[in-house]
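K.L.:
Before I ask anything, here is the structure I am working with.
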Amino acid sequence: DAKTTQPPSMDCAEGRAANLPCNHSTISGNEYVYWYRQIHSQGPQYIIHGLKNNETNEMASLIITEDRKSSTLILPHATLRDTAVYYCIARNDYKLSFGAGTTVTVRA
Amino acid sequence: KAGVTQTPRYLIKTRGQQVTLSCSPISGHRSVSWYQQTPGQGLQFLFEYFSETQRNKGNFPGRFSGRQFSNSRSEMNVSTLELGDSALYLCASSLERHTEAFFGQGTRLTVV
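Each protein sequence line maps, in turn, to chains A and B. First residue of the first sequence? That's 243 in my numbering, and the numbers climb one at a time after it. First residue of the second sequence? That's 836 in my numbering, and the numbers climb one at a time after it.
Here it is as structure tokens:
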């Protein structure tokens, strides 16, 4: 799996959009971008994934640049319950290779 | 639809003992993977099972093993426990091998 780079931490205000960046400059053509989050001591929660088109579901939107070297996860209206570690993963096979992720803290 | 169920949630074992953890995947899911999470190493892939066969294994010693049953339920076993095996063990299931994986809440193993 391609290596991904994420900022170690970020804060955002409750009710505002949270934009989480991820760099995957070595991603290959068949690698999907996956996002998971993990709330303290719970199992990781699947958020969204995409290959090259932007994707949206009930939780978030995923914006992938045209050259696929970076992406942004958007939480449209962050709540306190969105406080978690967010993992960006470039996946092309059976396993998920988790990095350190971004610790997102939503503040009231 | 029920999620991935892992049992037990918490376990305390003594060094040298062995332990078996259980994972029931989401109904209809055929692929089950196991991960170990520790503060020092983060989330690391242990192994993947599909159609009752171990397809891939991560970089863990032979003390770590597993199996998958015909109903896709999976177990993992750790023999001769060491203090360093203390971790959160997570199971993930997916419909097929390359589709999105959904995790259980994990089993917290403490080795004393």
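Idealized CB from N, CA, C, for every residue including glycine. Keep in mind it's a predicted model, so treat the numbers as computed, not measured.
Between the segment 865-877 of chain B and the segment 929-938 of chain B, are three or more C-beta pairs nearer than 8 angstroms?
P.N.:
yes
K.L.:
Mind checking if LYS294 (chain A) is an interface residue toward chain B, Cβ cutoff 8 angstroms exclusive?
P.N.:
Position 52 of the first sequence holds residue 294 (chain A). No, LYS294 (chain A) does not count as interfacial toward chain B.
K.L.:
Provide the residue span of the beta strand (DSSP E) that contains LYS848 (chain B), from first to last.
P.N.:
By 1-based counting over the second sequence, the position of residue 848 (chain B) is 13. Unbroken beta strand (DSSP E) run through LYS848 (chain B): 845-848.
K.L.:
Smallest Cα separation from ARG258 (chain A): which of A:ILE331, A:PHE340, A:TYR278, A:THR321?
P.N.:
Indexing the first sequence from 1 puts residue 258 (chain A) at position 16. It is A:THR321 whose Cα lies nearest to the Cα of ARG258 (chain A).
K.L.:
Excluding five sequence neighbours on each side, which residues of the same chain lie with their C-beta closer than 7 angstroms to the C-beta of ALA326 (chain A)?
P.N.:
Numbered from 1 along the first sequence, position 84 holds the residue referred to as residue 326 (chain A). Cβ within range, chain order: ARG279, GLN280, ILE281, VAL346.
K.L.:
How would you write the range of the beta strand (DSSP E) that ILE861 (chain B) sits in, first residue to last?
P.N.:
Against the second sequence, residue 861 (chain B) aligns to sequence position 26. No beta strand (DSSP E) holds ILE861 (chain B); DSSP gives it neither H nor E.
K.L.:
Any idea what DSSP makes of ARG323 (chain A), helix, strand or coil?
P.N.:
Translated into positions along the first sequence, residue 323 (chain A) becomes position 81. Reduced to three states, the DSSP call for ARG323 (chain A) is helix.
K.L.:
Between the segment 319-341 of chain A and chain B, which residues of the former have CB atoms less than 9 angstroms from a CB of the latter, in chain order?
P.N.:
Cβ contacts with chain B: TYR329, ARG333, ASN334, ASP335, TYR336, LYS337, LEU338, SER339, PHE340, GLY341.
K.L.:
Are at least three pairs of beta-carbons, each pair with one atom in the segment 308-323 of chain A and one in the segment 838-850 of chain B, less than 8 angstroms apart?
P.N.:
no
K.L.:
In chain B, which residues lie with their C-beta within 7 angstroms of the C-beta of GLY285 (chain A)?
P.N.:
Start at 1 with the first residue of the first sequence, and residue 285 (chain A) comes out as number 43. Those within 7 angstroms of GLY285 (chain A) in chain B are LEU925, PHE938, GLY939, GLN940, GLY941.
K.L.:
Assess, as a yes-or-no matter, whether the segment 877-896 of chain B is touched by the segment 938-945 of chain B under the definition of 3 or more beta carbon pairs within less than 8 angstroms.
P.N.:
no
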